[in-house]
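What follows is a single structure, written as structure tokens, with notes after it.
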Amino acid sequence: MLKNYQLPRTVYGTEEHAMFKKTVEEYFKNHVTPHRERWEEQGYCDKETWLKAGELGLLGITCDPKYGGMGLDFSFAAMLIEEQARFGAAAPGISMHSDIVIPYLEKHGSDFIKEKYLPGCCSGELIGSLGMTEPSTGSDVQAIKTFAEDKGDHWIVNGSKTFITIGYTADFCIVACKTDKNAGARGISLIILDAGMPGFTKGKPFKKLGLKTSDTCELFFEDVKVPKENLVGEIGMGFIHMMTELPRERLTIALSAIGSVRGALEHTIEYTQERKAFKQPICAFQNTQFEIAEVATQLEYHCAFVDRCTALLAEEKLTPELASMAKYHSSDMQCKMIDACLQLFGGYGFIWEYPIARYYGDARVQRIYGGTNEIMKLMISRSIYADFFQEMKAAKKHAQKQMAAAAN
Ligand SMILES: Cc1cc2nc3c(=O)[nH]c(=O)nc-3n(C[C@H](O)[C@H](O)[C@H](O)COP(=O)(O)OP(=O)(O)OC[C@H]3O[C@@H](n4cnc5c(N)ncnc54)[C@H](O)[C@@H]3O)c2cc1C
1 MLKNYQLPRT
11 VYGTEEHAMF
21 KKTVEEYFKN
31 HVTPHRERWE
41 EQGYCDKETW
51 LKAGELGLLG
61 ITCDPKYGGM
71 GLDFSFAAML
81 IEEQARFGAA
91 APGISMHSDI
101 VIPYLEKHGS
111 DFIKEKYLPG
121 CCSGELIGSL
131 GMTEPSTGSD
141 VQAIKTFAED
151 KGDHWIVNGS
161 KTFITIGYTA
171 DFCIVACKTD
181 KNAGARGISL
191 IILDAGMPGF
201 TKGKPFKKLG
211 LKTSDTCELF
221 FEDVKVPKEN
231 LVGEIGMGFI
241 HMMTELPRER
251 LTIALSAIGS
261 VRGALEHTIE
271 YTQERKAFKQ
281 PICAFQNTQF
291 EIAEVATQLE
301 YHCAFVDRCT
311 ALLAEEKLTP
321 ELASMAKYHS
331 SDMQCKMIDA
341 CLQLFGGYGF
351 IWEYPIARYY
361 GDARVQRIYG
371 GTNEIMKLMI
381 SRSIYADFFQ
391 EMKAAKKHAQ
401 KQMAAAAN
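So in my numbering, spot 86 of the sequence shown is number 86, and the numbers just go up one at a time.
Now the structure itself:
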């Protein structure tokens, strides 16, 4: 039940949302939490967990039912992302697969691609990843080097990707490749590489600071022969397609941030009532009360902004600038608030078997992936000053023309 200090959510109001939330909670309680320690050891989660998610309708939530999806609006996907983060469950990487990879295929893929990949993606039989980042470039996507050479009816792909979420478990990866080395952003295309194609190899899952149950790895491509029909979207339009999809990816990070803070707050409220110091529960100290009030307030404030962005995304009106604001501010807030919560656990906060340590470890990358928070600020400020710099550029051009005319 909603407490007086909790903001009524504007996007999750229906009975369907309440029923969906129950399914999600049961899934994480029964099929994810019990395996967490083992998955942390192995560095990835079991395939059966993906299949279970598919069986329960938790994959491809917004995907068209004709491809096996649920055909629901984005608010249901948003609820799943938040709940997963509230449980502190990094795996399975449903959000990457369902809210990033599937939309690329559905929105930009040919009929061949949709029919080949989407039904398996919705059932959990096929898991997909997205490869943009390379060892030598992350923020500057245009500088990628992976090259797909046109050989008539197929490409030959050479290069590598790194930090690929669920890259180790995925059955395919949508890879950003240069198809024209001299065309800048217009020379990038998206091509599906299937695991098992000769020349496509994977590194072992990285040992990470957080998100330990969700694998992240390197991918290597050496003369991989890829059929032409594996192109996603138009040739040379990969960069534009990625820019179109990034607001959704950034909002998923904001949703995960607020879910995670909610989970951490719940654990901390419980702990501060149980733990005693100086013969009283630590929640009796004014410092504890102030810290908890701050976390709760920050959380509810961010929910309001993120709810609005979620509604805008459902209407296809979420701008890259608003998505960047949601991503950067929510993830900054997440790191600060979870740090404050951890402090209230004292030494136990530093011990991995206490859930707060996991929330803390998982939070840090939120400020890095999906575009670093510095890049988010760059995008926002570029938009703010766009007219000014445009005018400056025009004035400079005009002055140069006049000088050239005077010289003649
Ligand atoms: C766990 C994890 C999962 C990931 N999953 C994926 C995935 O599935 N697919 C994928 O393609 N990538 C993925 N990434 C990669 C991630 O998106 C990149 O790490 C991120 O975009 C930053 O790139 P970089 O690491 O190369 O840092 P760099 O670009 O080298 O940046 C280093 C520092 O310089 C700053 N910087 C760079 N440019 C500017 C600038 N113009 N102005 C100001 N500061 C700047 C950055 O903000 C950062 O602080 C993942 C990363 C991690 C850690």
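Glycine included, every Cβ here is placed at the ideal spot set by N, Cα and C. Keep in mind the model is a prediction, meaning the values are calculated, not measured.
Tell me whether Val365 counts as near ligand 1, meaning its Cβ is closer than 6 angstroms to at least one heavy atom of that ligand. yes
Where Lys21 falls: helix, strand or coil (DSSP): helix
Verify the contact flag: Thr33, CB atom, against every heavy atom of ligand 1, threshold strictly below 6 angstroms. no
Is there contact between the segment 213-229 and the segment 262-269, where contact requires at least three CB pairs shorter than 8 angstroms? no
Leu209 classed as buried or exposed, judged by whether at least 16 other C-beta atoms fall within 10 angstroms: exposed
Inside the segment 222-261 only - beta strand (DSSP E) runs reaching at least 3 residues: none
In this structure, how does DSSP classify Trp155 when only helix, strand and coil are distinguished? In this structure, Trp155 counts as strand in the three-state DSSP scheme.
The segment 351-361 contacting the segment 300-312, beta-carbon criterion three pairs below 8 angstroms: no
Verify the contact flag: Ser163, CB atom, against every heavy atom of ligand 1, threshold strictly below 6 angstroms. Correcting the residue type first, residue 163 is Phe in the shown sequence and not Ser. Yes, the Cβ of Phe163 comes within 6 angstroms of a heavy atom of ligand 1.
Roughly how many whole angstroms lie between the Cα atoms of Tyr360 and Asp339? 7 angstroms
Can you pull the DSSP bridge partners for Thr137? Glu134
Ordered along the chain, which non-local residues of its own chain (more than five positions away) have a Cβ less than 6 angstroms from that of Cys45? Trp39, Ala91, Pro92 and Thr213
8 angstroms contact criterion, which Ile192 and Phe172 should meet: CB distance rounded: 5 angstroms
What is the DSSP secondary structure of Gly263, counted as helix, strand or coil? helix
Ligand 1 and Gly238: does any heavy atom of the ligand fall closer than 6 angstroms to the residue's C-beta? no
Nearer than 6 angstroms: is that true of the beta carbon of Ser139 relative to any heavy atom of ligand 1? yes
Spatially closest choice to Thr252 from Gly69, Pro8, Ala143 and Phe74, by CA coordinates: Phe74
Is it the case that the Cβ atoms of Met376 and Lys327 are separated by a distance below 7 angstroms? yes
Taking all protein chains shown into account, decide if Lys151 is buried (16 or more other Cβ within 10 angstroms of its Cβ) or exposed. It counts as exposed.
Quick one: what does DSSP say Cys63 is sitting in, helix, strand or coil? coil
Tell me where the alpha helix (DSSP H) around Lys178 begins and ends. Premise fails: Lys178 lies in the beta strand (DSSP E), Phe172 to Lys178, not in any alpha helix (DSSP H).
Of the residues Phe163, Cys341 and Gly371, the one placed nearest Lys204, counting alpha carbons only: Phe163
Using the three-state DSSP reduction, which class does Gln366 fall into: helix, strand or coil? In the three-state DSSP reduction, Gln366 falls in the helix class (H, G or I).
Return the first residue and the last residue of the alpha helix (DSSP H) that Lys52 is part of. Lys47 to Glu55
Got a sec: does ligand 1 put a non-hydrogen atom nearer than 6 angstroms to the Cβ of Met132? yes
Rounded C-alpha distance that separates Ile351 from Cys341: Their Cα atoms are separated by approximately 14 angstroms.
Given a cut-off of 7 angstroms, decide if Ile188 and Phe239 are closer than it, judged by their beta-carbon atoms. One thing to note: Phe239 has its Cβ within 7 angstroms of the Cβ of Ile188.
Within the segment 183-224, note down every full beta strand (DSSP E) run reaching 3 residues or more, in order along the chain. 188-194 and 200-202
Buried or exposed for Met70, please, with buried defined as at least 16 other CB atoms from any protein chain shown within 10 angstroms of its CB. buried
State yes or no: is the C-beta of Tyr369 nearer than 6 angstroms to some heavy atom of ligand 1? Tyr369: yes, Cβ under 6 angstroms from ligand 1.
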